[in-house]
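Sequential numbering of the sequence shown, starting at 1, is according to full-length UniProt numbering. Each residue gets a CB set at the ideal place from its N, CA and C atoms; glycine is no exception. Everything below concerns the one structure shown next.
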Amino acid sequence: MRTQAAPAIRGRWPRAEPHVVVGVDGCSAGGRHALAWAADEVTATGGRLTVCRVGPPPPGGPGTAVLELFDPPFARAVRAVRQRLGGERVDLRLVPGDPATQLCAAAGAADLLVVGAPAASDVSSVAARVAVGCTRPVVVVRPGPGAGGMFAGQVAVAVAGSGVDTPALAFGFGYATVHHFPLVAVHVTAAAAGDYWFDERTLETHFATEPHALRVLSAAVEPFLVRYPDVATRLVVLTGDPLCRLVDDVGAGARLTVVGRRHRRMAHRALGRVNGALVMNGAGPLVVVPPE
């Protein structure tokens with residue numbers, strides 16, 4: 001197969017000194033996990049962080065001193081992040097209004113939006129709404145990946161064989177490069193692989209006809225192997241229902257799961273069967289990448 005040049009992607013991660021916005025609702029578990037993940041990412045990429053809390057303003061105004069009295073745990077969390085990153089790299093925004101709307105607006109001039117995971121089955125949650133309404137990649141943070149599985153410790157990118165693959169792969173390869181993680185590109189199909197055999201001498205698998213799913217993966221991933229030669233990459237074809245395999249097998253063990261979004265803006269009811277299940281019921285951190 002002829003080696004292709006990697007496509008130019010405006011949304012690849014990370015940009016130089018990226019701007020990360022994290023939505024925090026006080027000191028809930030989801031908010032703490034989101035803030036910790038965002039701080040780690042800013043540390044790794046050398047960017048800056050905006051901590052955005054949407055809700056009624058504290059009595060007496062939005063100042064830090066007032067916040068110390070109004071919500072001491074949240075104020076301590078922000079202070080700890082500022083001490084870690086440097087105060088000049090951390091902004092705090094306290095804004096009223098609808099959380100999803102305000103977070104999408106705040107992220108419009110940034111590079112990445114980070115939110116905590118929704119409560120089970122809450123399709124109207126902030127996470128579900130920003131995952132389909134934000135023009136920037138959205139990270140939905142859970143405590144961490146599962147303990148094992150075939151994708152443990154890897155960045156897993158779901159490849160659908162469509163236009164959503166390029167932005168998702170660009171984000172996945174960029175993230176894997178920054179954090180020195182291996183990457184696995186995953187395509188789920190209901191089709192069987194066909195005839196194949198394994199050579200014990202060369203330890204190679206040979207197919208009578210290259211499976212279509214493997215061709216889909218190879219075509220999508222090959223351009224990125226040129227740009228990211230140091231990322232250890234595997235191509236994996238799984239058989240079965242995409243929802244079950246991505247939620248139960250991939251998302252349960254991967255360090256980060258990356259999926260593409262088909263439309264730039266759409267109603268939360270159109271999140272999509274697979275992406276919706278990953279947002280609502282995934283096990284580890286998930287990135288939903290919008291189209292270019």
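Would you tell me roughly how many angstroms separate the C-alpha atoms of residue i and residue j, rounded to the nearest one?
{"i": "residue 228", "j": "residue 157", "result": "15 angstroms"}
{"i": "residue 79", "j": "residue 47", "result": "18 angstroms"}
{"i": "residue 20", "j": "residue 103", "result": "11 angstroms"}
{"i": "residue 171", "j": "residue 210", "result": "28 angstroms"}
{"i": "residue 97", "j": "residue 142", "result": "25 angstroms"}
{"i": "residue 251", "j": "residue 165", "result": "17 angstroms"}
{"i": "residue 272", "j": "residue 52", "result": "27 angstroms"}
{"i": "residue 29", "j": "residue 241", "result": "31 angstroms"}
{"i": "residue 268", "j": "residue 128", "result": "Residue placement at residue 268 is flagged as unreliable, the pLDDT there being 42, under the threshold of 50; the coordinate-derived value follows with that caveat. One C-alpha to the other measures close to 7 angstroms."}
{"i": "residue 101", "j": "residue 201", "result": "59 angstroms"}
{"i": "residue 25", "j": "residue 215", "result": "44 angstroms"}
{"i": "residue 136", "j": "residue 13", "result": "11 angstroms"}
{"i": "residue 276", "j": "residue 226", "result": "32 angstroms"}
{"i": "residue 206", "j": "residue 190", "result": "20 angstroms"}
{"i": "residue 23", "j": "residue 115", "result": "5 angstroms"}
{"i": "residue 44", "j": "residue 178", "result": "7 angstroms"}
{"i": "residue 220", "j": "residue 83", "result": "42 angstroms"}
{"i": "residue 10", "j": "residue 168", "result": "Any reading at residue 10 needs caution, since the residue's pLDDT is 47, under 50, leaving its predicted position unreliable; the model's value is listed next. Each residue's alpha carbon lies about 12 angstroms from the other."}
{"i": "residue 223", "j": "residue 58", "result": "50 angstroms"}
{"i": "residue 38", "j": "residue 105", "result": "18 angstroms"}
{"i": "residue 69", "j": "residue 133", "result": "34 angstroms"}
{"i": "residue 54", "j": "residue 281", "result": "24 angstroms"}
{"i": "residue 163", "j": "residue 109", "result": "24 angstroms"}
{"i": "residue 203", "j": "residue 72", "result": "60 angstroms"}
Taking the Cβ atom as the reference point for each residue, do residue i and residue j lie within a distance shorter than 7 angstroms?
{"i": "residue 111", "j": "residue 15", "result": "yes"}
{"i": "residue 131", "j": "residue 259", "result": "no"}
{"i": "residue 213", "j": "residue 237", "result": "yes"}
{"i": "residue 261", "j": "residue 288", "result": "yes"}
{"i": "residue 185", "j": "residue 159", "result": "yes"}
{"i": "residue 152", "j": "residue 253", "result": "yes"}
Is residue i helix, strand or coil by DSSP?
{"i": "residue 206", "result": "strand"}
{"i": "residue 161", "result": "coil"}
{"i": "residue 19", "result": "strand"}
{"i": "residue 89", "result": "helix"}
{"i": "residue 267", "result": "Reliability fails at residue 267, whose pLDDT of 47 lies under 50, so the model's placement of it is uncertain and no value is given."}
{"i": "residue 252", "result": "coil"}
{"i": "residue 276", "result": "helix"}
{"i": "residue 52", "result": "strand"}
{"i": "residue 116", "result": "strand"}
{"i": "residue 245", "result": "helix"}
{"i": "residue 283", "result": "coil"}
{"i": "residue 187", "result": "strand"}
{"i": "residue 290", "result": "coil"}
{"i": "residue 136", "result": "coil"}
{"i": "residue 46", "result": "coil"}
{"i": "residue 199", "result": "strand"}
{"i": "residue 262", "result": "coil"}
{"i": "residue 142", "result": "coil"}
{"i": "residue 24", "result": "coil"}
{"i": "residue 39", "result": "helix"}
Using only the heavy atoms of the ligand SAM, determine whether one of them is closer than 6 angstroms to the beta carbon of residue i.
{"i": "residue 189", "result": "With respect to the ligand SAM, the structure offers nothing, as it holds no ligand at all."}
Figure out for me which residue from the options has the closest Cα to the Cα of residue i.
{"i": "residue 256", "options": "125, 214, 140 and 69", "result": "140"}
{"i": "residue 85", "options": "74, 40, 98 and 52", "result": "40"}
{"i": "residue 50", "options": "81, 242 and 276", "result": "81"}
{"i": "residue 239", "options": "32, 192, 184 and 148", "result": "192"}
{"i": "residue 74", "options": "108, 35 and 234", "result": "35"}
{"i": "residue 234", "options": "176, 248 and 281", "result": "176"}
{"i": "residue 181", "options": "218, 148, 134 and 230", "result": "230"}
{"i": "residue 249", "options": "77, 188, 42 and 109", "result": "188"}
{"i": "residue 290", "options": "244, 223 and 107", "result": "107"}
{"i": "residue 243", "options": "253, 274, 217 and 218", "result": "274"}
{"i": "residue 283", "options": "94, 218, 54 and 118", "result": "118"}
{"i": "residue 56", "options": "199, 109, 173 and 94", "result": "94"}
{"i": "residue 246", "options": "174, 286 and 217", "result": "286"}
{"i": "residue 325", "options": "133, 203, 254 and 183", "result": "No statement about residue 325 is possible, as the shown extent of the chain runs from 1 to 292 and does not include it."}
{"i": "residue 217", "options": "174, 161 and 134", "result": "161"}
{"i": "residue 18", "options": "203, 281 and 174", "result": "174"}
Assuming residue i contacts residue j (C-beta within less than 8 angstroms), just tell me the rounded distance between them.
{"i": "residue 99", "j": "residue 126", "result": "5 angstroms"}
{"i": "residue 42", "j": "residue 76", "result": "Wrong, their Cβ atoms sit about 19 angstroms apart, outside the cutoff."}
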